[in-house]
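Asks: Quick note: to get the numbering used here, add 1237 to the position in the sequence shown (first position is 1).
One structure, as C-alpha cells, below. Some questions next.
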Amino acid sequence: MTKVNSLIAGVVLMLIGCAPVRAQQEGTAINYEAESKVFRVDAGGVTYAFGINERGELQPLYWGARLRSTDKLSAAHIKPEHASFDVTSSVTPQEYAGWGAGLYVEPALKISFPDGNRDLVLHYVSHRIDGSSLTLKLKDVLRDVDVELRYQIDSDTGIIGRSAIVENATKEPLVIDQAAAATWTLPRGTDYSLTYLTGRWAGEWNLQHEAIRPGQRVLESRRGSTSHQNNPWFAVARGGAADILQQDQDSGEVWFGALAWSGSWRISVEQDQLQQVRVTGGFNAFDFGYRLMPGGRLETPVFYGGYTREGFGGASRLLHRFELGKILPQSPHPKPRPVIYNSWEATEFNVNEAGQEALAEKAASIGVERFVMDDGWFGERDNDHAGLGDWQVNSAKFPNGLAPLIQKVHSLGMDFGLWVEPEMVNPDSNLYRAHPDWVLNFPGRPRTEGRNQLVLNLARPDVREYVFNFLDKILKENDIAFLKWDYNRNWSEPGWDAVAPEDEKQVYVKYVENLYSILRQLRAAHPGVEIESCSGGGGRVDLGILRYTDEVWPSDNTDPFDRLTLQDGFTYAYTPGVMMAWVTDSPNGFAGRTTSLDYRFLSSMQGGLGVGANLLKWQPEDFATATRMITAYKQVRETVQHGSLYRLISPRGGSEHSVTESVAKDRSQAVVFAFLHSSQFLYPFPTIRLRGLEPEADYKLEWIEGRASRAPSVASGAYWMSNGIDLEMRGDFKAAAFRLERVQK
Ligand code: DGJ
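Shown next, in the form of C-alpha cells:
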C-alpha cells in the first residue's frame, strides 16, 4: 500500500494549573491513501475526508468528529440511480461539481462556452500535499478547463479554508456563469437546523434558526458588498431543537462556515431528494457572467468550514480563536483594541479645531487612548449633501490643517484616528465634477443616489490609484494611527462602460480585489496604522475584509439594550476582539431609551470599548463613573477581547436577563457581565454558573459593579461553576459585572 503522509504538528501540550501536562497525541495530518484513493485530513477535533470515485469525481466521505488514525474510511463509490428522474450524477455528492452530466443540485461551477455548450464535468487529475495545504487539480472531461481546488488546514481549530481557481486553457473565451469556493457536504440526515444572521441598518446581527427542509435556503447579498441584511456565515446543528440556542450553548454537533468575501455573495443550504445536505458558497451568481479569456484565471474567495461537538458556544470559540490567530492582519497576536473616543454622535458634521480639542481634553481625562475625529473635516462637508470625494482638509474648520489637533491629542497622551469614506462621492463635489465617469453607472440612464452619494467604481485602475494616493498622502502628511473606513450605501446600476460590454460584470470581482489590494498596499506602506471596517455600522463584516482591518463597527445603533442582542448575534460569527461598542448619550438617539451611565458602560465593555457621548455636557459624576469603568475595563480587556466567550444567558426572545462570561486564555481570570431588562413578580436573577474555569484552582471575586446576595470572596473554580453566584439585581435596565481572579498558590 502506498501512503503519502504529511504530519504537520506533533504533540499538543495542555496547561492545567501551572503544570504542563502531556495530552493525547494530536497534531495535524493530511493523508492520501493510493489504494482506496481517499484523501483524509485530521486537525484539531476534526476529520475531513473525500475520495476519487470510479468516474474520477471527488466525492465527500466524512466531515465530523476526529477519528482514530487507525480507523479506515472506505473508498468513494458512485451512488446508484435512484430513479430515472434522479440520475447517478445528481445523487452522488461531489466536492466541487460542474454543472453538467445531469446535475440537479446546486453546482459549484457553471460555464457557457462560445459554441453554446454549457456542459461541464470535472474529474480528478492530480494533487499535491504541501505542509498544511492540499491542492487538487480537476479538469473537464473534454475541454481544457482546469480547476485547482485548495484546502488550507488550521491545525489549531480544525477549520479548513477552501477555494478554487478556474483557468481557461482553451483557445476561446468562455463565460463563468457561477463559481463557488466550495461545497460542504454534511453527513446524511434530516434532523438538521440552520442558524444564520440577518438584519438591516441599525438592526444587524439577528439570529435566525430553523429546521432544514427539502429544497434550498439561500443566504445572499446582491448589493455589491457584504450587507447588513445577511452575513456570510452559517451554522448547521444536529438535533434540530428549536431552542437549542437557549438551552445548552456548549454541547451538540455544529458544522459552521464563513465566506471571506466583501462583495456580492451567496451561500445555499440545500437538502436534496435523498436527504443529503450541502452548503455551497461563493460569488453570487446573480448578474455574474465573468468572461475568462484564453489563459485567464478566476480565483474564488475562501469559504472556511469547521466542526465542533461543543455546540454554538464551541463553534464561536473556534471561530474567534481562528480569526484572532489566523485572519486578522496582526494575527497571531493582535494588539488589544485601545479605548477610543469618537466624535460622531457628539458633533456630527460640525467638527472644528477648538471643538475637537475640547472633546479631546475631556476624553483624555477619563482614560481614553485613541481620539477619532469622524465625518465633516474635509471639503465642503457640512452635511451629507456635499464634499465626499474631496479629501482636502476644510480650511474654515481647520485653518492650520490637522496638525494642531493631532499635536494636541498626542500631548494628551492619546493617538489620533480619522474617518474616511474612500469609495464614495457626492455629485456635489469637485471630484465628481472632474470625473463624472468614475462612478458605477449605465451611461444615459438615471443614477440612483443613497445618502446623496454615488459609488466610485473601484474596479477602474484610475479610481484605484486615486483612492490609494489620497489615503497614502493623508497618512504621510499626518501622524495618524487609525482610519475608520466607512462605506455608506449599496450598489445600484452597476455598469462599467470603460470596458467591453462582455467584461462589465467583472466589476463584481475586480472592485473587491482592488479594495483588498488598496488596504494591503496601505498597510504595507504604513505598518503602524490600524483600520476599522465600517459600513453604516455592520454592513461590511466578513472574513475577507478582516484580513486587512483590525476592528469593525457592528452597528450604528448604540442603544445599550439593543446592543446586547446585536452583540450576542455578532459573536456567533465574529470575535469580541474586533467588536467596537461606544457609550453614547441618554436618552439614546435611536431607541429614545434612558439608561444609566454604568449600564451603558457595561454593555459596551463586552467588546472593544469606546465613548461617543458629548463629553462637553457631562457632569462631574459622569466623569467619575467613566473613569472608574474605563479603569476596570483595562483590567479585563485582554480577557474580553482575546479570551473564550461563554454566552451564559441569551438576551434574545424577550429574555428578561442576559449574561456573558469571558475566560482568559490561561484561565487566570474570568469576567462576567449581567443585565436585567425589568424585574417582574419578584423573581430573583437566575443563578449564574460559570464555565471554563480550572475546577481545582481558587478564584477571588472582585466586583466591577453590583453585588451578590451571598457569595464567598474566594472559592474554587468548581464552586463557581457548580454552585454559581446569585446577583442581587432589581429594577429596569440594571447591570452588574465582576471578575474572578485565580489565586496564586
Ligand atoms: C456611518 C457610520 O456608521 C457612523 O458611525 C458615522 O461615521 C457616519 N457614517 C458618518 O457619516
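The beta-carbon is built from N, C-alpha and C at its ideal position, and this holds for glycine as well.
Measuring CA to CA, which of T1463, A1418, N1467 is closest to R1454?
Replies: N1467
Asks: Going straight from the alpha carbon of K1309 to that of D1279, what length do you get?
Replies: Near 13 Å, if we compare the C-alpha coordinates of D1279 and K1309.
Asks: With burial defined as no fewer than 16 other Cβ atoms inside 10 Å of the residue's Cβ, what is the status of H1879: buried or exposed?
Replies: buried
Asks: Which ranges would you report for the beta strand (DSSP E) in the region 1395-1438 if only whole runs of at least 3 residues count?
Replies: 1397-1405, 1411-1422, 1429-1435
Asks: Considering only their Cβ atoms, is the gap separating L1346 from A1416 smaller than 7 Å?
Replies: yes
Asks: Do you know how far the Cα of L1556 is from the Cα of E1230?
Replies: With the chain represented from 1238 up to 1982, any question about residue 1230 goes unanswered, as that position is not in the structure.
Asks: Does the distance between the C-beta of G1774 and the nearest non-hydrogen atom of ligand 1 fall short of 6 Å?
Replies: The answer is yes for G1774.
Asks: Between the beta-carbon of D1963 and the beta-carbon of S1950, is there less than 7 Å?
Replies: no
Asks: Express the C-alpha separation of F1608 and A1266 in angstroms, rounding to a whole number.
Replies: Distance between the alpha carbons of A1266 and F1608: 47 Å.
Asks: Is the closest heavy atom of ligand 1 to the C-beta of D1787 under 6 Å?
Replies: False, no ligand heavy atom lies under 6 Å from that Cβ.
Asks: Leaving out the 5 sequence neighbours to the left and right, which residues in its chain are closer than 8 Å to W1855 when beta-carbon positions are compared?
Replies: K1599, A1863
Asks: CA-CA distance, D1903 and A1972?
Replies: 27 Å
Asks: In chain order, what residues of the same chain lie with their CB nearer than 8 Å to the CB of P1531, ignoring the 5 residues before and after it?
Replies: N1405, A1406, T1407, K1408, E1409, P1410
Asks: Could you tell me if the beta carbon of W1614 falls within a distance shorter than 6 Å of some heavy atom in ligand 1?
Replies: Here the distance from the Cβ of W1614 to the nearest heavy atom of ligand 1 is not below 6 Å.
Asks: At the level of alpha carbons, what is the spacing between L1668 and F1615?
Replies: 13 Å
Asks: I need the boundaries of the beta strand (DSSP E) containing G1518, first residue and last residue.
Replies: 1514-1520
Asks: Would you identify the three-state DSSP class for R1454, choosing helix, strand or coil?
Replies: strand
Asks: From the DSSP output, read off the bridge partner residues of V1608.
Replies: Note on identity: in this sequence residue 1608 is Phe, with Val being the wrong assignment. Answer is Y1578, F1653, bridged to F1608.
Asks: If you draw a straight line from the alpha carbon of S1462 to that of D1723, how long is it in whole angstroms?
Replies: 12 Å
Asks: Between the Cα of R1830 and the Cα atoms of G1519, A1497, F1970, W1336, which residue gives the shortest distance?
Replies: F1970
Asks: Could you compute how far the alpha carbon of H1914 sits from the alpha carbon of V1506?
Replies: In a straight line, the C-alpha of H1914 is about 35 Å away from that of V1506.
Asks: Measure the C-alpha to C-alpha separation of R1928 and V1909 and round it to an integer number of angstroms.
Replies: 11 Å
Asks: Who are the Cβ neighbours of R1425 in its own chain at under 7 Å, not counting the five residues just before and after it?
Replies: Q1512, Q1513
Asks: Looking at C-alpha atoms only, which residue of I1643, I1413, F1350 is the closest neighbour of F1523?
Replies: I1413
Asks: Looking at the secondary structure, which residues open and close the beta strand (DSSP E) in which R1528 lies?
Replies: 1527-1529
Asks: Threshold first: 3 residues or longer. Then list the beta strand (DSSP E) segments lying entirely within the region 1699-1738, N to C.
Replies: If we require 3 residues or more, the beta strand (DSSP E) runs fully inside the region 1699-1738 come out as 1719-1722.
Asks: Check whether the region 1677-1696 touches the region 1634-1651, taking contact to mean three or more Cβ pairs, one atom from each stretch, closer than 8 Å.
Replies: no
Asks: On the DSSP bridge assignment, give the partners of M1661 in chain order.
Replies: V1692
Asks: Please indicate yes or no: does the CB of D1799 lie closer than 6 Å to some heavy atom of ligand 3?
Replies: Ligand 3 is absent from the structure shown, which contains only ligand 1.
Asks: Per DSSP, what kind of secondary structure is K1902 in: helix, strand or coil?
Replies: coil
Asks: For a test of the three-state rule: what should DSSP assign to N1825, helix, strand or coil?
Replies: When secondary structure is reduced to three states using DSSP, N1825 falls in the coil class, being assigned neither helix nor strand.
Asks: Quick one: residues in its chain with C-beta nearer than 7 Å to the C-beta of R1701, no 5 flanking neighbours on either side, listed in chain order?
Replies: L1695, N1751, I1755
Asks: Rounded to the nearest angstrom, how far is the Cβ of A1472 from that of F1559, given a contact under 8 Å?
Replies: Contact doesn't hold; Cβ gap of about 14 Å is too wide.
Asks: Check whether the Cβ atoms of F1807 and M1817 lie closer than 7 Å to each other.
Replies: no
Asks: Tell me where the beta strand (DSSP E) around R1460 begins and ends.
Replies: Segment: none, R1460 is in no beta strand (DSSP E) and carries neither H nor E.
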